[in-house]
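Chemist: In my numbering, the protein residues as written are 960 to 1140.
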Amino acid sequence: SIRIGTTGAAFENLPDVENADLIASVLRTGSCTLDDQVYDVDKTVAPPPGQPFFLALGLYRPHVPIVVPEDLLALFPADSLGLTDSLRTVYFEDTVDLSPGGQADVFRLGDIIVGGPARELYENAQSRDPENGPVLAWRDVVRHYLAAVALADRAVGRVLDALDEGPYADNTIVVLLGDHG
């Protein structure tokens, strides 16, 4: 299902931010020691001196479940989004260009949502408020998604700031990839 929510966890303690900070430390100082919880032995990550190296950082957000800090969600007030379409309308507009097989893969059969996270979210929203629920649900999903993008953006920003501050700024290639393009 499309699960959304907020967390009271400190920004610095979120897994994406912790991972970004680890890479940032390597880029800023040339090494980083971390506590390996699997083998219970500290490990030091350090690029080989004077040689090319590769570092990769994977961020989970903005993937579902979309759980974000409340202060990031507050950046996107529901009434500021200008969204008036319902979840159902957006879902059908977004899948109209898919082949019948592609539509079946996302649980659409003609004009019916036959399953999947969109159906569950739509039905829950409609049962709570038949008239406005699907619009409010879509706003809530979009708000949480935007907050998750902001979380990922800030994590990437921490890495790029560290790169600028460290010794690798002049000879580093940064490549950003996104899930599903």
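Heads up, the beta-carbon is just placed ideally off N, CA and C, and yes, glycines get one too.
Any chance the stretch 1081 to 1091 sits against the stretch 1039 to 1056, with 3 or more Cβ pairs inside 8 angstroms?
Modeler: As far as the Cβ criterion goes, the stretch 1081 to 1091 touches the stretch 1039 to 1056, which means the pair count is three or higher.
Chemist: Which same chain residues end up closer than 7 angstroms to G1092 when comparing Cβ atoms and leaving out the 5 residues on each side of it in sequence?
Modeler: Same-chain partners within the cutoff: A1084, Q1085.
Chemist: By alpha-carbon positions, which one of R1117, R1113, E1124, T966 ends up nearest to V1027?
Modeler: Residue T966 is the option with its Cα nearest to V1027.
Chemist: Is V1000 helix, strand or coil when you go by DSSP?
Modeler: Looking at V1000 - three-state DSSP - the assignment turns out to be strand.
Chemist: Where does the unbroken alpha helix (DSSP H) through T988 begin, and where does it stop?
Modeler: Counting along the chain, the alpha helix (DSSP H) containing T988 begins and ends at 974 to 988.
Chemist: Give the DSSP bridge partners of G964, in chain order.
Modeler: Note: G964 sits in a beta bridge opposite V1026.
Chemist: The beta strand (DSSP E) that contains P992, what's its start and end?
Modeler: With the sequence shown as reference, residue 992 is identified as Thr, and Pro is not the correct amino acid for it. Per DSSP, T992 belongs to the beta strand (DSSP E) from 991 to 995.
Chemist: Can you list, in chain order, the residues of its chain with a C-beta nearer than 6 angstroms to that of Y1019? Leave out the 5 residues immediately preceding and following it.
Modeler: So the list reads D975, once near-sequence residues are dropped.
Chemist: Any idea if S984 is buried or exposed, counting beta-carbon neighbours within 10 angstroms, 16 or more meaning buried?
Modeler: When all chains shown are included, S984 counts as buried.
Chemist: Take L987 and list the residues in its own chain whose beta-carbon comes closer than 6 angstroms to its own, dropping the five residues that flank it on each side.
Modeler: Correcting the residue type first, residue 987 is Arg in the shown sequence and not Leu. Closer than 6 angstroms at Cβ, skipping near neighbours: A1121, E1124, G1125.
Chemist: Hey, which unbroken runs of the beta strand (DSSP E) at 3 residues or more fall wholly within the stretch 1021 to 1103?
Modeler: Entirely contained in the stretch 1021 to 1103, the beta strand (DSSP E) runs reaching 3 residues are, in chain order, 1025 to 1028.
Chemist: Can the beta-carbon of P1021 be found closer than 8 angstroms to that of R962?
Modeler: No, these two residues do not count as a Cβ contact at 8 angstroms.
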